[in-house]
Structures are given as structure tokens and as C-alpha cells.
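Numbering (the numbering used here), first residue to last: 4 to 358.
Set out below in C-alpha cells:
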């Protein structure tokens with residue numbers, strides 16, 4: 004939220020503001036697979052310590068209130084670093100779980116991440132409304148520092164990947180994973196495109212920054228509970244049924260945004276987004292954990308995050324280009340159309356190994 008609004012204050016064009024979101028997803032695209040692969044081979048705590056330290060440094064750069072030419076690369080670098088946290092943590096949990104409890108075990112991790120995102124956006128909105136950009140960034144700098152202090156108390160282990168015959172490319176050759184990854188790219192294109200200018204859109208609707216933070220936090224607040232529920236549901240009814248439902252529901256989110264004219268409508272969109280994403284995410288990562296041997300789960304879960312990153316990079320560029328021509332409503336409807344294609348692709352997947 005803060006980079007979007009800061010770029011808006013600098014007078015940046017919509018395409019430039021949406022690029023900040025593209026750069027976030029570009030960092031996720033390259034960072035997730037790399038850090039996930041390294042997490043299969045090296046000490047995970049050491050990697051996490053390095054990632055959080057880099058995150059704190061980049062937030063300090065934001066506090067300098069530098070021009071667009073520095074802000075956008077800083078966004079990219081921060082995203083590249085933070086992208087490693089999820090695949091490393093998920094690989095630890097997934098590899099130590101049984102198929103019958105993998106969805107539940109991963110749900111605790113995913114729910115905790117949603118709780119952090121919810122708290123973060125609320126804090127950012129409150130800080131910006133009272134302290135301005137500079138001191139908001141300085142205050143937020145202490146969050147990864149706190150994470151470093153907590154990380155010191157986490158037991159370390161040396162993880163060395165055993166040699167396995169199957170490469171990441173060979174696993175992606177299976178229809179089940181290939182269509183899931185491609186569907187994820189399309190879904191994320193539509194989702195990230197819609198969100199890339201969402202705070203600018205809310206500003207045009209005269210929604211104050213404090214309310215923006217609370218509305219955005221609703222998405223993550225829903226995820227805190229929904230991740231736990233869908234994780235257990237994935238163990239009971241199967242992975243595919245859970246992520247298919249999420250892909251379908253996700254198509255309606257940009258449509259809700261398109262017809263919203265105030266805070267309540269936007270809140271409805273973010274509420275729906277929280278449910279849809281939780282269903283997609285829990286079903287998908289449990290499905291990947293079922294199919295991939297534990298020695299390769301770091302890289303394959305990282306590649307799943309990278310597929311989200313690819314869609315997230317492309318979507319905002321399309322959205323920023325559409326807005327000057329079709330306006331915000333036209334852009335939202337176009338993003339919904341892209342998500343429908345992704346839903347149909349995943350829906351056409353044949354019966355996969357499903358536990």
C-alpha cells in the first residue's frame with residue numbers, strides 16, 4: 004500500500020504505479036524458486052536470517068523518500084528477498100507431514116502468514132495517516148528486526164538434498180501439475196492486475212488511508228480462519244475439489260470491485276478474495292506436497308510461488324495499460340475475464356493423484 008500511495012504523491016502515471024506491483028511479483032517469480040532450491044541444500048535458519056536482514060535494509064532505503072528511479076528497484080529487491088520465506092518454511096512443514104495431515108499442518112503456517120499480513124497493513128494505514136511516509140517506513144523497519152530476534156531462538160538444522168532422478172522439469176511434465184501451475188499464472192494475472200491500482204481506485208472513491216488499511220486487512224483476516232478450515236477440508240474431501248472452488252470464486256472478485264462505489268463494496272471484494280485465495284492456496288500446496296518427494300519439495304513449492312510471481316508481474320502491466328483506455332471498471336472486468344480462462348484450464352484437469 005505505501006509504495007503505491009507514495010508513487011501517487013510523486014505524481015506518477017497509473018502505469019508507473021502499477022509497475023510497483025509488477026516488480027513485487029517479479030521478485031517473487033525469481034526469488035521463490037531460487038530460495039526454495041537453496042533451502043533444500045543449506046541451513047534454513049541461516050538463509051532466513053539473511054533474508055530478514057536484507058528486508059530491514061530495504062525498508063530503510065524507502066525511508067529516505069527517494070525518487071521513482073530508486074523506489075521501483077527497491078520494491079523489486081525487497082520482494083526478491085521476502086520471496087524466500089514461504090517456500091523454505093513450507094518445505095519444512097510439508098516434508099515432515101503425512102498425507103492425511105499435510106493440509107492441516109500447512110494451514111497453521113499459512114494462517115500465521117495471513118495474520119502477519121493483516122496486522123501489517125493495519126499498522127501501515129494507521130502510521131501513514133498520522134506520521135507520514137518517512138516515519139511510517141522507519142517504524143516498519145523494526146518488524147523484520149523483531150523477526151531476527153525471534154529467529155535466534157529457532158533450532159537450526161543442516162539440510163542436504165539427496166540425489167533424486169526426477170528434475171523439476173520432469174515433474175512439471177505431468178498434466179496435473181502443469182495445468183495447476185498455468186492456471187495459477189492466469190488467476191494471478193487477473194488478481195494482481197486488479198490490485199495493482201486498487202489503492203488509487205479507493206482514493207478516487209474518497210476512502211481515507213486508515214480505512215484503506217482496514218479494508219485491505221479484511222482479506223488477510225479472513226485468511227487467518229479460512230486457511231485453517233480449508234487445510235482440514237483438503238484432508239477430508241481432496242485437494243482438487245478445494246482449489247477448484249477457490250479458482251471459481253476468485254473470478255468474481257474484480258467484478259465486485261468494478262461495481263463498488265464505497266468502502267463497504269470494496270470490503271466485500273476483499274472478503275471474497277480472502278476466501279478464494281485460502282481455498283486455492285491450501286488445496287494447491289497440499290496437492291504439490293502429495294506428488295513431490297520430500298527432497299524436492301523446496302524447489303517445487305518455490306516454483307509454485309514463482310508461477311504466482313509470473314502472473315503477478317504480467318497482470319499489473321496489462322491493467323495499467325488498460326485503465327487510460329477503458330477506465331477502472333473496464334480494467335476490472337478484463338482482469339475477471341483472464342481469471343475465468345485460468346479457472347477453465349484448471350477445471351479441465353483430469354483426475355490426479357488426490358489424497
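C-beta atoms are modelled at their ideal positions from N, C-alpha and C, and glycine is treated no differently. Just so you know, these numbers come straight off a predicted model, no measurement behind them.
Your pair residue 39 and residue 305 checks out as a contact, with CB atoms roughly 2 Å apart and the cut at 8 Å.
In this structure, the CA atom of residue 341 is about 10 Å from the CA atom of residue 314. Around the beta carbon of residue 285, a 10 Å sphere encloses 16 or more other beta carbons of the protein chains shown; the residue is thus reported as buried. Here residue 252 is near residue 275, since their CB atoms are less than 8 Å apart. According to the DSSP assignment, residue 87 belongs to no alpha helix (DSSP H), since it is labelled neither H nor E. The three-state reading of DSSP puts residue 4 in coil, since its state is none of H, G, I, E or B. Across the structure, residue 257 and residue 219 are spaced so that their CA atoms are roughly 14 Å apart. One thing to note: residue 335 has its Cβ no nearer than 8 Å to the Cβ of residue 283.
Fully contained in the segment 279 to 329 is no alpha helix (DSSP H) run of length 4 or more. The beta carbons of residue 31 and residue 312 sit about 3 Å from each other, so the pair counts as a contact at 8 Å.
For residue 302, same chain residues with a beta-carbon under 7 Å away, outside a window of 5 residues either side, are 36, 39, 40, 43, 171 in chain order. Rounded to whole angstroms, residue 217 and residue 128 show a C-alpha spacing of 7 Å. The DSSP assignment places no complete run of the beta strand (DSSP E) inside the segment 167 to 242 (cut-off: 3 residues).
In this structure, DSSP gives residue 107 a helical state, which the three-state scheme calls helix. Straight-line measurement puts the Cα of residue 156 at about 31 Å from the Cα of residue 221.
According to the DSSP assignment, residue 58 belongs to the alpha helix (DSSP H) that extends over 47 to 65. Of all alpha-carbon atoms in 325, 281, 307, 22, the one lying nearest the alpha-carbon of residue 115 is that of 281.
Rounded to the nearest angstrom, the gap between the Cα atoms of residue 214 and residue 268 is 13 Å.
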